[in-house]
Amino acid sequence: MSNVENVDDIASYQHDTLIFYVNGRRIEESRVDPKTTLAVYLRDHLHLTGTKIGCNEGGCGACTVMISEISLTTNKIRHYSANACLMPICAVFGKAVTTVEGIGSVLSKKLHPVQERLAITHGSQCGFCTPGFVMAMYALLRNNPTPTEADINEALQGNLCRCTGYRPILEAFYSFAVKDNGEIKVTEENGCGMGENCCKVSKAGCSTSKMKSLHLSPFAYHHEETMWYQPTSYSALLELKRLHPHARIVSGNSELAIELKFRFIELKVVINPRQVPDLHVVRMDDDGAYMGTGLSITEVDNNLVNFMKELPEEKCGVFQAVHHIVHWFAGKHVRNVASIAGNVVTASPISDLNPVWMASGAKIVLESEERGERTCVIDEHFFLAYRRAAIEADEVMKAIIIPFTKKQAQRREDDIAIVTGAFSAVVDPESLVVNEIRISFGGMAPTTKLALETMKHLTGLKWNHTLLEKGLELIATEFPLPPGVPGGMARYRQALTLSFFLKFFLEVSGKLNIDEIADRNEITTIGNDVPAGLHSTQVYQISYHCQPIGAIIAEDHELARRAANAVKLTYCREPALISIEDAIEADSYLMQPLVIHSSLLENEKVVENDWSKYDHVVEGEVKMGGQEHFYLETQQCVVIPHEDDELEIITSAQGTNEVQMETAKCLGIPAHKIVVKVKRIGGGFGGKESTAPLLSVPAAIAARKLRRPVRITMERYDDMAVTGTRHPFRFNYKVALDASGKFRDFCVTAYSNCGHSLDLSLGVTQRAMVHIDNVYKFPNADIYGRMCRTNLASNTAFRGFGGPQGMFCTETLVKHVAETLNIDHDKLREMNMYEEGACTPFGMHLRQCNIKRTWNECKEASNYEQRLQVVREFNRTNKYRKRGIYMLPTRFGIGFGLKQLNQAGALVLIYTDGSVLVSHGGMEMGQGLHTKILQIAARVLDIPIEKVHIHETASDKVPNASPTAASVGSDMNGLAVQPFKKANPSGKWEDWVRQAYVERVSLSATGFGIIHSEVVDFFNGKGAEMFGYCVYEIKIRPDGVRLTRGPGVYKIPSADDAPRHFNVRLLKGSSNRMGIFSSKAIGEPPLFLGACAFFAIREAVRAFRLDHGLEGYFRFDSPATPEQIRLACEDEILSKVPNLPPKGSYTPWTVQL
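End of the sequence shown = 1157 in this note's numbering, gap-free, step of one.
Structure (structure tokens):
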């Protein structure tokens, strides 16, 4: 190890140039900003664009790469996956980086087995998440060539997909897993797609000798205002901290990266201690496990697992608690680089691990050059205030000592954004007297806190029900929350503290074998089948928080962001209208009321019925919240100016026409001078249907003015705030039934929260109104729609386009009726389903009405009745855990509401060598559109699919294209060569094409057509249903400030949420006469089926309520968040939590939209 004579002098370091390896290539860099992330460097400097940027906060995994380094503990190469969007570029000094390009590509004509199997199983749809998944799996296989399915599940924890529903991805990767007998499921001879250049063969990518010469070499780097120090000796680290006490120590960078990106903090001095061997020490001391803070959280966990194999179980309670909670700590890629020190020193009140350290009495070793070493207990005195710990500015956290367990130690945790809890108890096994108890909570105060009063009063008591009741009362008293507490969810958070204590009590009771404490051992499985400088003055009226009001043009993306952040605004506030209730009270609507009266189908006037004559009338209200599109690729575009006011726009949009026309209108130039191109988009789901001009217009204005290409790339943080979401709805309904249970009358008003402008809200609200009957016949229906104008970003198209919201209302209505009248909800559905030829309230006659047939086949194929009985038996025998099962029908109308939009075109060109080029008006965004177009072209022309190529969608090839339409004109071209096929039947395709050319027959044509790929539609269906599983809510403050702006606060389903048993069946013998080539139009209809999970959760809640004497209907709005689920489960725990004061008497943290 080389020593540094003057740690503050960059010239005294062995290296002052950044050196690392990427896919075997040595990189030397001396001009890059240390604040640059690895992801940005790979993409913008090395042009390795396979590494995607989806969120810039380590939450989606699209940027996953593999890092290879020499371990300071084993001196062997260690491979691990990491989020390149969080990794500072200087942190890879002396390391090797492998990107998706480094393991195989279509350019090399050979794929890595991971890539190949993913393609075979249709695990890549829009493709934006694919490189991240591939690299996560590749890194796992480099460390463990024979993983189990559990290993694979863990490796994918940090990766998100919005298209596939995860099943095809898991199917591909599970093929690498070993069976129970140790055999690998699938074997093959082909290896890495890099062939002889594979790093396993040539060692080019991660050569030990190359990295050994660097990994213990002191490194320092200076760029403008930032100094980066990477010492390799502990003494140098201590001296640097003395000289620069306020320098930021960067290890995993998981928190600092977000501060740099979104808070634009200044960063003068950075110290990276990861290459200091003293911080990688692991040993067993008399009082616990000593873990150096240079270790990643993954390494700490692995060492604890090894210790647990060697030590008696009774000593490993804290180890087991840490191991358990680490599994839920961020994602695998974050854990691979994040350190224990960062988690402790940042003193987050909602840290996953800090409550465990506090409850267990863990110690940390601190040292400064001036005062030496000291040991500090993480107790009630350690966390001083919000984000402040009892650590001096010049001290370095050297290690953590994780204590052994004396007798009983357990923990319980929840989502990091809510509450964390940890518990430890020492109980005499004979007398059951509590000798010591420690209780710690995070998320209940500005700091992690010990329940000191509770601990004091419970010590010395006997472990029984009296202790439980006293503990619950003490915790409720010691941890109150005001109704408008930051973070919101006051009652829920208080209930969590009590529930965690109850679970801890029951687990300890089970270990102590206390027979008189019932309900501690429950069966929890029922089978796999249940699943500044410039000054400018402008006056604007701002309509919503984060509304764009101007643009900064700069030389690069980061400079533009920093300049925009430096803009200062002077403004005055007006009361914001946020919720539907706000809009109703203020009479704030867009357009006039929308109405559907079924009585007008047969009468000149609206028939007003006497509702008093009906046997039963049920009234209610329900709300369905908004939902984020969360397409993995954010909105972006490039505008290139050409001569004579011509503009070329390359965009990530669902349609070229909207971008072309809006840009032309705003710039005052004709549309024929604007060419819009889309190659493919990384997901859309409606979110890119009408919002793309928000970027294309300002970019076009700048490009035209400056005569230079201009690119706009939205950060996830900004995209989610600017572009709108699915429309939240409120429904007020009234339904009448006769004595037999038949629906007789229906009246409903649908209120949609549209945001500040119309956008596509008219179509969304209309579709909700015409889908609100779902599959049920209402002899009379009066359906009203109001579009509420609020101070939110304009809500826009979303998968389902209002249909799911309307059907959700009616399915809630069915449950309301069933529970009010004590009718089986399935029988109620069956007796009211549409029959063949029935007419809907809006005058559509249903032909080929397969509703009942589909319902019955699904019931039979799923063994629904049998599984329903199993669920009921489970609920009968379990007090605290409940299950639900549900069947749900759906009916969805295909096509645009505006008739003129239901058209599309394509341009097909046949060249004299027989190759075919197709340009069409649709957008490939993961739904398999290009695949379908290739299939129909090959099928109609009767040629191998390899002869057909799909070109980008462009407005100069197909004009006036509607968004995402699967149309092609191959049949027109097929007709052009038919005569020559007949004249020369033994010839080849190339012969006929050449003859057609010789005889001057046009080999270019346009037309219409649709193709169907059953396999592609199958996976689209699964992905659509998973899309409907989202249970997180959009959070807006009462003043309109948006809180949900990234994956850290908005949770889409992950691979862990995907059902491992997911059966899909297409209705056989039921051809679609309105479709061509059996097209299933599968992208949107299945989405509402995801509501099955919602209503199954509601069934489980209902079972719990029934056990507690709460009968009858209860309102359950969507989404079913953990908070709502817990508050609906009213019990003795919740009764100890104070009710919220009346609305209007306090300011809530967030508003229900």
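We put the CB at the ideal spot given by N, CA and C, even for glycine. Note that the structure is predicted; figures quoted are calculated from it, not measured.
- Around the CB of Ile582, 16 or more other CB atoms lie within 10 Å, so the residue is classed as buried.
- A contact is defined here as three or more CB-CB pairs under 8 Å, and the stretch 436 to 453 fails this definition with respect to the stretch 366 to 380.
- DSSP places Cys89 outside any alpha helix (DSSP H), giving it a letter other than H or E.
- In this structure Gly691 does not touch Glu637 by the C-beta definition: roughly 11 Å separates them, more than the 8 Å allowed.
- Apart from sequence neighbours up to five positions away, the residues of its chain that approach Asn879 with a beta-carbon distance below 7 Å are Lys886, Arg887, Ala1107, ordered along the chain.
- Of Val952, Gly65, Met929, Gln931, the smallest CA-CA separation from Ile940 is found for Val952.
- Taking Phe1099 as reference, the option from Leu892, Asp1043, Ser923, His934 with the minimal CA-CA separation is Leu892.
- Runs of the beta strand (DSSP E) lying entirely within the stretch 1035 to 1072 and spanning at least 3 residues: none are present.
- Distance between Thr230 and Pro38, taken at the CA atoms: about 7 Å.
- With a cutoff of 7 Å on beta-carbon distance, Leu485 and Ala494 are scored as near each other.
- The residue among Asn854, Tyr890, Cys853, Leu850 with its C-alpha nearest the C-alpha of Asn867 is Tyr890.
- Residue state for Val430 is assigned as strand, using DSSP reduced to three classes.
- Checking the DSSP bridge columns, you'll see Ala403 partnered with Gly296, Val369.
- If you check the CB distance, Ala43 and Thr55 come in under 7 Å.
- An exposed status is given to Val599, since fewer than 16 other beta-carbon atoms sit within 10 Å of its beta-carbon.
- According to the DSSP secondary-structure assignment, Met791 is paired through a beta bridge with Leu594, Ser756.
- In the DSSP annotation of this structure, the continuous segment of the alpha helix (DSSP H) that includes Lys336 starts and ends at 336 to 339.
- Closest option to Ala696, judged by alpha-carbon separation, among Leu710, Gly491, Met665: Met665.
- The beta carbon of Arg876 lies closer than 7 Å to none in the same chain, with the five residues before and after it left out.
- As computed with DSSP, Asp586 is found in no beta bridge at all.
- In this structure, Glu270 is the residue among Ser221, Glu270, Ile262 with its C-alpha nearest to the C-alpha of Glu228.
- Taken in chain order, the whole alpha helix (DSSP H) runs of length 4 or more contained in the stretch 140 to 182 are 153 to 159, 171 to 178.
- Non-local C-beta neighbours of Pro172 in its own chain, meaning closer than 6 Å and more than five positions away in sequence, comprise Thr125, His126, Gly127, Phe1023, ordered along the chain.
- For Ala342, the CB contacts under 6 Å within the same chain, skipping 5 residues up- and downstream, are Gly256, Ser258, Ile301 in chain order.
- Rounded to the nearest angstrom, the gap between the Cα atoms of Pro1126 and Leu911 is 51 Å.
- Using a Cβ distance threshold of 7 Å, Ile479 and Met459 do not count as a contacting pair.
- Rounded to whole angstroms, the gap between the alpha carbons of Glu73 and Leu1047 is 38 Å.
- Only exposed fits Tyr390, as fewer than 16 other CB atoms lie within 10 angstroms of its CB.
- Going by C-alpha positions, Glu606 is about 25 Å away from His620.
- Each residue's CA atom was taken as its position, placing Thr894 and Pro1090 some 8 Å apart.
- Following the DSSP letters along the chain, one finds Pro117 inside the alpha helix (DSSP H) bounded by residues 117 to 124.
- Non-local C-beta neighbours of Lys336 in its own chain, meaning closer than 8 Å and more than five positions away in sequence, comprise Ser85, Ala140, Glu158, Ala159, Leu160, Gln161, Gly162, Thr302, ordered along the chain.
- Across the structure, Tyr17 and Ser217 are spaced so that their CA atoms are roughly 14 Å apart.
- Measuring C-alpha to C-alpha distances from Tyr238 to each of Val400, Phe846, Leu762 identifies Val400 as the nearest.
- Between Ser355 and Gly296, the C-beta spacing is not below 7 Å.
- With a threshold of 16 other beta carbon atoms within 10 Å, Lys113 falls short and is exposed.
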